[in-house]
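A.B. asks:
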Amino acid sequence: MNVLYVDIDSLRPDHLGCYGYHRSTSPNIDRIAAEGVRFTNCYTSDAPCLPSRTALFSGLFGIHSGVVNHGGVAAQPFPQGPDRGFRDWYGENSWPSRFRKLGYHTATISSFGERHSAWHWYAGFKEVYNSGLGGSESAENIFPMARDWICGRDAGSQPWFLHLNFWDPHTPYRVPPSYGNPFSEEPLPDWYSEDLRQSHWQGCGPHSAREVMGYSDEVPLYLKDRELPRQPWKLDSFKEARRIFDGYDTGVRYADEYLGKVIKVLEETGQLENTAIIISADHGENLGELNIYGDHQTADHITCRVPLIIRWPGVTEFQSGRVDTALHYQFDVAATAVELAGGSMDAADVCSFAPAFREGISKGRESLVLSQGAWCVQRGVRWGEYLYLRTWHDAWHDFPPEMLFHIESDPHELRDLASGEQELLVQGRRILLDWRREMLATSSTGHDPLDTVLAEGGSLHARENHGYPHRLRETGRAAIADSFESRISPISTSC
């Protein structure tokens, strides 16, 4: 059985048709979902990009691997120490390494490893195809490599594992202008309103309504030479807010269209019926939630929840269209796929759900702990119908130390319940404390890398603030600037 893992960067589930979205963003993904199983509560354990893919491919929480940031000490895995053999842990136990031990030909078509200097992430791949564009590529750059690679495989010979990475929903929105806007006449999601946009305009933070691409409303230097007509830089009107949604959704539709081309190649080469297809993402994408637009800065339901669709010939035919509602970590998917292929992942943090999946049963975790260390220093607890957020460094967003949301009725996190739900706050704190205690007890270092991030003054991106308090004063938000500057750094206590 071949395995195709489709990794669409920044793809949030609720902007896909099969998850109930009102816009037609994903006809090809929807087709795979109708033939397979769709998961509604799959979360990456560590966000965003570098921590997320490290967790997925290693099967380790960031607190165990050491990777929770995009820079600084905690952007590198913990040194393995004297027990390292001739080959390191990643070379022996990563997701592609496990497939390779099962006799699979493993390959990735992605620029991710180079973009983030994530050299450990390449472990286990026999072949690496890199567009060389560092995450600036679009689907038309990726598809020819995927087509040629799939056509180069002989149906019925050595099974293969292919990681295929599309970037189109990621900012800056880069779908070619000639593609047009498929959604120009369609309404925005009904949770978003002009009143909400105006309240965000008075708020703050990188990638907030006034600073959509960072810490100002200017085009960033690294984008000065690119034509990006779909990408707004500030949301000073509802029309500009629409451009965020339309730009993102067009990116999803564009990636979906090229995924359809990949599926057609599998059909034409006689490989589709012997290929398991897994569709997911490295993280979701806030599109206004918590006043974050087009980015992934929190440990919440929006940044950490990812789509998960599995079509596995021989397993999913009798359960086509089933919806799995259990709580899952994304790296449990890796362990499940390896087990379905006949092996196992030797990683303490993963929990394969292959037996339940074969039987068509939703069975997952009782609770999940989600970590963010590349923007905010924050952890979330997802259990029952709730999300608890604990923030130690707010990355200039002026978040309170604790937040609580009823995700079932408020998935866009518009109503913080922390002030009135003390019992639930205590429950969230207890789950987080117990999890951290267990993780440190089973850690090779006994150290929480989020503490390292705090000791460095915050995450890489929060330290790249470019004099943000000065900008706040210049734009009529002096009270927020005073609040920030009254602290040594935004909420900087130990985890």
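Heads up: the sequence shown begins at 84 in my numbering, then just goes up one per residue.
Just so it is clear, CB atoms sit at the ideal spot from N, CA and C, and this is done for glycine as well.
What would DSSP say about Tyr102, mapped onto helix, strand or coil?
C.D. replies: helix
A.B. asks: Going straight from the alpha carbon of Tyr104 to that of Leu216, what length do you get?
C.D. replies: 31 angstroms
A.B. asks: What alpha helix (DSSP H) runs, 4 residues minimum, are completely inside the stretch 346 to 430?
C.D. replies: 384 to 387, 413 to 423
A.B. asks: State the beta-bridge partners of Arg326 as determined by DSSP.
C.D. replies: DSSP, once it has assigned bridges, lists no residue as partnering Arg326.
A.B. asks: According to DSSP, what are the bridge partners of Asn85?
C.D. replies: Thr358
A.B. asks: Given a threshold of 16 other Cβ atoms within 10 Å of its Cβ, counted over all protein chains shown, does Ser214 qualify as buried or as exposed?
C.D. replies: buried
A.B. asks: Using a Cβ-based criterion (distance less than 7 angstroms to any ligand heavy atom), does Gly404 qualify as near the ligand ZN?
C.D. replies: Absent from the structure shown: the ligand ZN. Ligands present: none.
A.B. asks: Quick one: is Gly330 buried, meaning 16 or more other Cβ sit within 10 Å of its Cβ, or exposed?
C.D. replies: It counts as buried.
A.B. asks: Are the beta-carbon atoms belonging to Val120 and Arg448 less than 8 angstroms from one another?
C.D. replies: no
A.B. asks: Going along the chain, which residues of its own chain have a beta-carbon closer than 8 angstroms to the beta-carbon of Leu515, five neighbours each way excluded?
C.D. replies: Val452, Arg462, Val464, Tyr471, Arg473
A.B. asks: So the alpha helix (DSSP H) Asn124 belongs to, where does it begin and stop?
C.D. replies: Taken as a continuous stretch (DSSP letters only), Asn124 belongs to no alpha helix (DSSP H), being part of the beta strand (DSSP E) at 120 to 126.
A.B. asks: Going along the chain, which residues of its own chain have a beta-carbon closer than 7 angstroms to the beta-carbon of Thr528, five neighbours each way excluded?
C.D. replies: Taking C-beta separations shorter than 7 angstroms and ignoring five residues to either side along the sequence, the partners of Thr528 in its chain run Phe161, following chain order.
A.B. asks: Considering just the uninterrupted stretch of the alpha helix (DSSP H) at Gln505, what are its terminal residues?
C.D. replies: 505 to 524
A.B. asks: Since Leu487 is in the beta strand (DSSP E), which residue starts that stretch and which ends it?
C.D. replies: Bounds of the beta strand (DSSP E) holding Leu487 are 485 to 489.
A.B. asks: So, helix, strand or coil for Leu470, using DSSP?
C.D. replies: strand
A.B. asks: Between the Cα of Ser502 and the Cα atoms of Lys446, Met486, Arg546, Ala564, which residue gives the shortest distance?
C.D. replies: Met486
A.B. asks: By the three-class DSSP mapping on this structure, what secondary structure does Glu568 have?
C.D. replies: helix
A.B. asks: Grouping DSSP H, G and I as helix and E and B as strand, with all else coil, what is Arg181?
C.D. replies: In the structure shown, Arg181 sits in a helix (DSSP, three-state: H, G or I).
A.B. asks: Counting along the chain, where does the alpha helix (DSSP H) carrying His544 start and finish?
C.D. replies: 543 to 546
A.B. asks: Leu87 and Thr399 look like a contact to me (Cβ under 8 angstroms); what is the Cβ gap, rounded to whole Å?
C.D. replies: About 14 angstroms; that fails the 8 angstroms criterion.
A.B. asks: When the distance is taken between beta carbons, is Cys287 closer than 8 angstroms to Arg560?
C.D. replies: Yes. Within cutoff.
A.B. asks: May I have the straight-line CA-CA distance separating Gly541 from Ala158, to the nearest angstrom?
C.D. replies: 13 angstroms
A.B. asks: On the criterion of 16 or more Cβ atoms from any shown chain inside 10 Å, does Ala117 qualify as buried, or is it exposed?
C.D. replies: exposed
A.B. asks: Leaving aside the five residues before and after Ser572 along the sequence, list all residues of the same chain whose C-beta is less than 7 angstroms from its C-beta, in chain order.
C.D. replies: Because the pLDDT at Ser572 is just 49, under 50, the model does not fix this residue reliably, and the value given afterwards should be weighed accordingly. Correct list, in chain order: His476, Gly540, Gly541.
A.B. asks: Whose C-beta lies closer than 8 angstroms to the C-beta of Ile549 among residues of the same chain, with five residues either side of it excluded?
C.D. replies: The amino acid occupying residue 549 in the given sequence is His; Ile does not appear at that position. Hits under 8 angstroms: Gly297, Tyr298, Ser299.
A.B. asks: CA-CA distance, Asn176 and Phe169?
C.D. replies: 14 angstroms
A.B. asks: Hey, would you say Ile362 sits closer than 8 angstroms to Val89, going by beta carbons?
C.D. replies: yes
A.B. asks: For the alpha helix (DSSP H) containing Gln281, list its first residue and its last residue.
C.D. replies: 277 to 284
A.B. asks: Give me, in chain order, the residues of the same chain whose beta-carbon lies closer than 6 angstroms to that of Asp407; leave out the 5 immediate sequence neighbours on both sides.
C.D. replies: Same-chain partners within the cutoff: Val120, Phe122, Ser445.
A.B. asks: Leaving out five residues before and five after His366 in sequence, what residues of the same chain have Cβ atoms less than 6 angstroms from its Cβ?
C.D. replies: Thr127, Ala130, Pro131, Ser135, His379, Thr386
A.B. asks: By how many angstroms is the C-alpha of His199 removed from the C-alpha of Thr108?
C.D. replies: The alpha-carbon of Thr108 is positioned some 28 angstroms away from that of His199.
A.B. asks: Helix, strand or coil: how does DSSP classify Val151 here?
C.D. replies: coil
A.B. asks: Bridge partners for Ser450 per DSSP, in chain order?
C.D. replies: Trp466
A.B. asks: Going by the beta-carbon positions, is the gap between Gly456 and Asn152 smaller than 8 angstroms?
C.D. replies: yes
A.B. asks: Using 8 angstroms as the threshold, is the C-beta distance between Val258 and Arg313 below it?
C.D. replies: yes
A.B. asks: Could you tell me the alpha carbon to alpha carbon distance between Asp418 and Leu247, rounded to whole angstroms?
C.D. replies: In the sequence as presented, Asp is not what sits at residue 418; that position holds Ala. When rounded, the distance between both Cα atoms is 18 angstroms.
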